[in-house]
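Just so we're aligned, residue 3 is where the sequence shown starts under my numbering, counting upward by one. Glycine included, C-beta positions come from ideal geometry on N, C-alpha and C.
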Amino acid sequence: MDNKNIVIKLTKHAKIKIKERNISLNIIEKIISNPEMIENDKIDESLVHFIGKVDGRYLRIIGRRDSKNSFLVISSFFDRRIKKINN
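1) May I ask which residues mark the beginning and end of the beta strand (DSSP E) holding residue 40?
2) Assuming the contact rule is C-beta atoms closer than 8 Å, residue 78 and residue 25 should be a hit. Round their C-beta distance to whole Å, please.
3) With distances taken from CA atoms, which of 31, 61, 7, 72 is nearest residue 90?
4) Residues in its own chain within less than 7 Å of residue 37 by CB, not counting five upstream and five downstream?
5) If you scan the region 5-40 from start to end, which runs of the alpha helix (DSSP H) of 4 or more residues do you find wholly inside it?
6) How is residue 66 classed by DSSP in three states: helix, strand or coil?
7) Quick one: Cα of residue 20 to Cα of residue 71, how far?
8) Mind checking who residue 54 pairs with in its DSSP beta bridge?
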C-alpha cells in the first residue's frame, strides 16, 4: 500500500476518540504515511495497525483501506503496552 498520497477518512468513533485524546489529524497522517511498524489485526483481517512514536509514546492507528486511494481510520490511541519497537 502506497501511503504517501492517500486520503485519510475518519469514522464517527475515530473523530470522537482523537478529539478526546488530543491527537491531531496531522500526526495521524504522518504515521500512516511513514509508520515505524505495521501490524495486521489479530481478529479482523481487513484491519491494519499503523504505529509511530509521538513525544516518547507510541500511537496506534487502526483502520482499513476504504478504496484505492483512501484509508478509513476506526480508532487511534496511545498504546502503553509498547515499550520499544525493534526494527
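Taking the structure as given:
1) Note, residue 40: beta strand (DSSP E), 39-42.
2) Between residue 25 and residue 78 the Cβ distance is about 6 Å, and since that is below 8 Å, they are a contact.
3) No answer is possible for residue 90: it lies beyond the span of the chain, which begins at 3 and ends at 89.
4) The residues are 52, 53, 54.
5) The qualifying runs are 14-22, 27-35.
6) Here residue 66 sits in strand by DSSP.
7) The alpha-carbon atoms of residue 20 and residue 71 are separated by roughly 22 Å.
8) Residue 54 is bridged to 61.
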